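Colleague: Let me give you the structure first, and then I'll get to my questions.
Protein chains in written order, with our numbering: chain A, 10 to 355; chain B, 10 to 355.
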């Protein structure tokens, strides 16, 4: 079974909530990144954690699946990975226990839950759902390019894996804090778990890529902002197709360019240089105009995690001066980030 | 079972040949386009046709599957469609007969052959293959952008469905006729059947789109030309992701822009204007430079099927003068097309 369980054709994924976070028997904190990310970004949607001998903890209350169900939980999320992305055999009995307690199971692992016979059998018997968020919904439409109501921000990048998800989450929070209606629209696995729904854009068949992005951010009120998590980079020789389908289908009013100073070569490529911020702005605006002629750049989100505070401030100020745009690190926040948010909304 | 039956990881589809063309009980010539296309473009790979009451004919010899196998055939190709793209129940016995005669079955229909229990059972029992060419090979890699040896032409378009496949076939034939080694590289269903292999680019998961194009046209001799069938258009709000992944992964040395004069609005869109030829050249060269800095435009392939001969000649001459590039209709051929071929190869 794939992640679609909405009867209408071509909806985005929607996850049952709140969650019980499954830590299994994990002893290595690096393998529990998903659980920590959910605690940090979706803590109000997590009722507790379920361990079968783990030494790592999220700090949330320990619960059995039955206790979690009684506390309101509706899904167990596999919050850990192990090397190889497989599901360890000794986890299966605990997952069956969760199904029996009334919880659906949500996984972002490579292995499909329904390929594990004991889980498939238990889910069928109990009428519970096994939700693999790497699997796109069935029935995705092709794009039409029709202009939708509401406002949209898309985070784009000079490369992969430099903060597009984090930036989108931070922008959506900051907009909502200003009393303006806003939704984070997730396009990757971690984001989908945090948001409780979304579209795994990199797993969508290319013919439906723009169409999938169109249904991810549907018509909305005129004053509503969707903040769409970007993927890849238009300059990446492997992933530009994902980025362009997402750009066309999102039809953003505003892009925010994410960049990491010092990253000179693009991830996983045969020596491809990272484009400049200006090139990235220009190409995204040029291609984005095809579906939204009013697209503009709201500013730059800079991942300064490898710089100390003084150096980060110096680099961001210099770049802001040079580009004539707000430049901020959403992790550092502050006035610079507030200026970036304001410039997106203006 | 999907179309991959090559043991190495991530190869393109390869079809068993030659073919027996299955016409079933078709009475409407429009439903036999695949069979006619194979007769016209891959006649040397077709040993005959197999009818169970069809009134349409390709003109090839009538044969039973057993006779076709004896004549060298190794696959039965379903050469007809019916409305809905389904496989009619009364075809199944004939397809089982083909499997029993030693033929694999090749289909481009929406329905999967292996979803029909009688076919799945017979194929398993006889160790024969059911090949759905809408299904991409398993194990596709992500792209790397590594420059490959050999030369490549990619046909690109101002829109969908205006002659990119036909142009690529005609260019590959014309290059081979000049004694220069050349291969047509198919990216759509009809092309894959004609070529006996290829990659169904619109069915590939977007994360692997460029990687799939990379393995479609592998390293080759320095004087060898791959002519890659284009898909979609960079300007199409639904399909630009397919086009960009194919452009990046093909890393063409030469593009040929396909255009149909008089087509003002893009197929299937909410009123999107067709871009100009100049815009199409410029955007393809700009984005294509990312993986091949030496990319250039070899000329324009014009679909003049709606014009009479005089009008077509006048339009093509005027466009050639205006653009400073060869402009030809490969269906009309002649000196104009020879000039286009020469300009691609120069």
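C-beta: ideal position from N, C-alpha, C; glycine also.
Bear in mind the structure is a predicted one, so any value in this text is a computation, not a measurement.
Residues of the stretch 202-215 of chain A in Cβ contact with chain B at a cutoff of 8 Å, in chain order, please.
Modeller: The stretch 202-215 of chain A vs chain B, Cβ under 8 Å: 210, 211, 212, 213, 214, 215.
Colleague: What residues from the stretch 63-81 of chain B come within 9 Å of chain A, judged by C-beta to C-beta, listed N to C?
Modeller: Against chain A - using a Cβ distance shorter than 9 Å - the stretch 63-81 of chain B contributes no residues.
Colleague: Anyone know if the C-beta pair for residue 222 of chain B and residue 259 of chain B falls short of 7 Å?
Modeller: Yes; because the gap between Cβ atoms is below 7 Å, this pair is in contact.
Colleague: Within the 7 Å Cβ cut-off, does residue 341 of chain A reach chain B?
Modeller: For residue 341 of chain A, the answer is no, since every Cβ of chain B falls outside 7 Å of its Cβ.
Colleague: Excluding sequence positions up to five away, which residues of its chain have a Cβ less than 7 Å from the Cβ of residue 299 of chain B?
Modeller: Same-chain partners within the cutoff: 257.
Colleague: Taking residue 316 of chain B as the reference, give the member of B:289, B:269, B:97 with the closest Cα.
Modeller: Out of B:289, B:269, B:97, B:269 has the C-alpha closest to the C-alpha of residue 316 of chain B.
Colleague: Nearest by alpha-carbon distance to residue 95 of chain B: which of B:245, B:40, B:169, B:56 is it?
Modeller: For residue 95 of chain B, the nearest C-alpha among the options comes from B:40.
Colleague: Check each residue of the stretch 154-166 of chain B: if its Cβ is closer than 8 Å to any Cβ of chain A, include it; give the result in chain order.
Modeller: Flagged, chain order: 154, 155, 156.
Colleague: State the CB to CB distance for the pair residue 216 of chain B and residue 151 of chain B, rounded to an integer number of angstroms; the pair is presumed to be in contact (CB under 8 Å).
Modeller: Residue 216 of chain B to residue 151 of chain B, Cβ: 6 Å. Contact.
Colleague: For residue 244 of chain A, which residues in chain B fall below 7 Å Cβ to Cβ?
Modeller: Under the 7 Å cutoff, chain B gives 299.
Colleague: Does any residue of chain A have a CB that is nearer than 7 Å to the CB of residue 278 of chain B?
Modeller: Output row for residue 278 of chain B: interface = yes.
Colleague: Is the shortest distance between the beta-carbon of residue 200 of chain B and the beta-carbons of chain A less than 7 Å?
Modeller: Not an interface residue.
Colleague: Does the stretch 26-33 of chain A come close enough to the stretch 58-69 of chain A that 3 or more CB-CB pairs lie under 8 Å?
Modeller: Yes, since at least three Cβ pairs between the stretch 58-69 of chain A and the stretch 26-33 of chain A fall closer than 8 Å, the two stretches touch.
Colleague: What three-state label does DSSP hand residue 164 of chain A in the structure shown?
Modeller: Here residue 164 of chain A sits in strand by DSSP.
Colleague: Between residue 14 of chain B and residue 25 of chain B, what straight-line distance do the alpha-carbon atoms span, to the nearest angstrom?
Modeller: Confidence is the limiting factor: at residue 14 of chain B the pLDDT is only 36, short of 50, which leaves the residue's position unreliable, though a coordinate-based value still follows. Near 11 Å, if we compare the C-alpha coordinates of residue 25 of chain B and residue 14 of chain B.
Colleague: Helix, strand or coil: which one does DSSP assign to residue 65 of chain B?
Modeller: Residue state, collapsed to three classes: coil.
Colleague: Assuming residue 155 of chain B and residue 235 of chain B form a contact by the criterion Cβ under 8 Å, report the distance between their Cβ atoms to the nearest whole angstrom.
Modeller: With 8 Å as the limit, residue 155 of chain B and residue 235 of chain B do not qualify as a contact, their Cβ atoms being about 16 Å apart.
Colleague: Tell me where the alpha helix (DSSP H) around residue 346 of chain A begins and ends.
Modeller: Note, residue 346 of chain A: alpha helix (DSSP H), 343-354.
Colleague: Use the C-beta contact count for residue 54 of chain A: other C-beta atoms within 10 angstroms, 16 or more gives buried, fewer gives exposed.
Modeller: Residue 54 of chain A is buried by the Cβ-count criterion.
Colleague: For residue 310 of chain A, list the residues DSSP reports as bridge partners.
Modeller: Note: residue 310 of chain A sits in a beta bridge opposite A:267, A:337.
Colleague: Three-state secondary structure (DSSP) at residue 304 of chain A?
Modeller: DSSP places residue 304 of chain A in coil when its eight states are reduced to three.
Colleague: Any idea what DSSP makes of residue 14 of chain A, helix, strand or coil?
Modeller: Low per-residue confidence applies at residue 14 of chain A: pLDDT is 36, beneath 50, and the placement is therefore not dependable enough to give any value.
Colleague: Sorted by chain position, which residues of the same chain lie with C-beta nearer than 7 Å to residue 220 of chain B's C-beta, five sequence neighbours on each side aside?
Modeller: Result list for residue 220 of chain B: 149, 150, 151, 152, 258, in chain order.
Colleague: Output the residue ranges of the beta strand (DSSP E) runs that lie fully inside the stretch 89-168 of chain B and measure 3 residues or longer, sorted by chain position.
Modeller: Correct list: 113-116, 139-141, 160-166.
Colleague: Opposite residue 85 of chain B in the DSSP bridges: which residues?
Modeller: For residue 85 of chain B, which the question treats as bridged, DSSP gives the partners B:29, B:114.
Colleague: If you follow the beta strand (DSSP E) that residue 58 of chain B is part of, which residue opens it and which one closes it?
Modeller: Unbroken beta strand (DSSP E) run through residue 58 of chain B: 55-60.
Colleague: Kindly list, in the order they appear in chain B, the residues whose Cβ is closer than 8 Å to that of residue 288 of chain A.
Modeller: By Cβ distance, chain B contributes nothing, its closest Cβ being about 11 Å from residue 288 of chain A, past 8 Å.
Colleague: Taking buried to mean at least 16 other C-beta atoms within 10 Å of its own C-beta, is residue 339 of chain A buried or exposed?
Modeller: So residue 339 of chain A counts as buried.
Colleague: Kindly say whether residue 257 of chain A, judged by its beta-carbon, lies nearer than 7 Å to any beta-carbon of chain B.
Modeller: Yes, contact with chain B.
Colleague: Is the distance from the Cβ of residue 312 of chain A to the Cβ of residue 171 of chain A below 7 Å?
Modeller: Taking 7 Å as the Cβ cut-off, residue 312 of chain A and residue 171 of chain A qualify as a contacting pair.
Colleague: Quick one: does residue 12 of chain A have its CB under 7 Å from some CB of chain B?
Modeller: Caution applies to residue 12 of chain A, whose pLDDT of 39 falls short of 50 and renders its modelled position unreliable; the value that the coordinates give is listed next. Not closer than 7 Å to any Cβ of chain B, the Cβ of residue 12 of chain A fails to qualify, so no.
Colleague: How far does the beta strand (DSSP E) with residue 194 of chain A in it extend, from its first residue to its last?
Modeller: Element bounds for residue 194 of chain A: 191-194.
Colleague: Taking all protein chains shown into account, decide if residue 137 of chain A is buried (16 or more other Cβ within 10 angstroms of its Cβ) or exposed.
Modeller: Buried, by the Cβ-count rule.
Colleague: From residue 210 of chain A to residue 197 of chain A, what distance separates their C-alpha atoms?
Modeller: So the two alpha carbons sit approximately 7 Å from each other.
Colleague: If I measure Cβ to Cβ from residue 16 of chain A and keep anything under 7 Å in the same chain, skipping five residues before and after, which residues do I get?
Modeller: Low per-residue confidence applies at residue 16 of chain A: pLDDT is 37, beneath 50, and the placement is therefore not dependable, though the value from the model is reported in the following sentence. Around residue 16 of chain A: no qualifying Cβ.
Colleague: Assuming contact is defined by CB atoms lying nearer than 7 Å, are residue 276 of chain B and residue 243 of chain B in contact in what I supplied?
Modeller: No, they are not a contact pair.
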